[in-house]
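Peer 1: What follows is a single structure, and I will ask about it in a moment.
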Amino acid sequence: MSFYLLSEGLTYLSLFSGAYESLKVLSRAEKGVEMSTLCRILEFWVVLAAMTVFEQYVELFVSWFPFYYLFKCAFLGLLLVPNTKFAHVLYDGFVHPGVLWLKDEFDANVHPLLEAAVVKHGRWFHEKLLARSLALFQDDELYALERELEDKLTQIRDELRDRRHRERHTIETHRTPAIESS
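Residue numbers for the sequence shown follow our numbering, beginning at 4 and rising by one.
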């Protein structure tokens, strides 16, 4: 129980420490800040965010392991000590490769499913969205939209008619009878 409370306190201390470091960098922004300082702070925030996501979804299942909170306190303690570069090691070793792996898995497995769902249900969604949008318009706005759509439809019809005319003309010019030489 005491390590649980200590881990919660260290989590809040990590948040305040990161916020303080960020504020220091922002206050020195006019003077110029080294890229290494910005990278160090961003790596800290990314590691802390990854730990928070881990806590949110996985801690319920692993918190009953012996010494879990002791290891969590050690982890947060190392994260808070700036000279250890622990955030950099965790970012390069776990977080960045993990995010790249998740991106590849998403692109390979989830993205095609989402595209298929959009193709399959996109028209239904479009119709529902259009019906909802039209319900929000006033009558004068709907009449203005109708006139605008009619004008665009007329332009499209004219363009199609011109294309067909050009295609017919092109076909007719290529159909000239061959002159037989005697």
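Yeah, the Cβ is synthetic: ideal placement off N, Cα and C, and Gly gets one too. Source: prediction; values computed, not measured.
1) Use the C-beta contact count for Ala119: other C-beta atoms within 10 angstroms, 16 or more gives buried, fewer gives exposed.
2) Count the CB pairs spanning the region 7-23 and the region 63-82 that are closer than 8 Å, and state whether there are at least three.
3) What residue range is occupied by the uninterrupted alpha helix (DSSP H) comprising Ser66?
4) What did DSSP end up calling Gly35 once you bin it into helix, strand or coil?
5) Could you check whether Leu16 and Leu103 sit closer than 9 Å to each other, using their CB atoms as the reference points?
6) Could you tell me the distance, in whole angstroms, from the CA atom of Leu117 to the CA atom of Lys123?
7) Taking all protein chains shown into account, decide if Ala134 is buried (16 or more other Cβ within 10 angstroms of its Cβ) or exposed.
8) How about the region 20-28 and the region 39-49: do they share at least three Cβ pairs that are nearer than 8 Å?
9) Helix, strand or coil, according to DSSP, for Phe140 in the structure here?
10) Please report the straight-line C-alpha distance between Ala52 and Leu45, rounded to a whole angstrom.
11) Helix, strand or coil, according to DSSP, for Lys27 in the structure here?
12) Please report how far the alpha carbon of Glu37 lies from the alpha carbon of Val65, in whole angstroms.
13) Closest by CA to Gly96, which one among Phe109, Lys131, Ala111, Val49?
Peer 2: Judging by the given coordinates:
1) Classification of Ala119: exposed, given that the 10 Å Cβ count is below 16.
2) They touch, by the three-pair rule.
3) Per DSSP, Ser66 is not a residue of any alpha helix (DSSP H), being assigned neither H nor E.
4) In the three-state DSSP reduction, Gly35 falls in the coil class, being neither helix nor strand.
5) Not closer than 9 Å, so no.
6) One Cα belongs to Leu117, the other to Lys123, and the distance between them is close to 10 Å.
7) By the neighbour-count rule (16 or more Cβ atoms within 10 Å), Ala134 is not buried but exposed.
8) Taking 8 Å as the limit for Cβ pairs, the verdict is that the region 39-49 does touch the region 20-28.
9) Reduced to three states, the DSSP call for Phe140 is coil.
10) If I take the Cα positions, the gap works out to 10 Å.
11) Residue state, collapsed to three classes: helix.
12) Between the C-alpha atoms of Glu37 and Val65 there is a straight-line separation of about 39 Å.
13) The residue among Phe109, Lys131, Ala111, Val49 with its C-alpha nearest the C-alpha of Gly96 is Val49.
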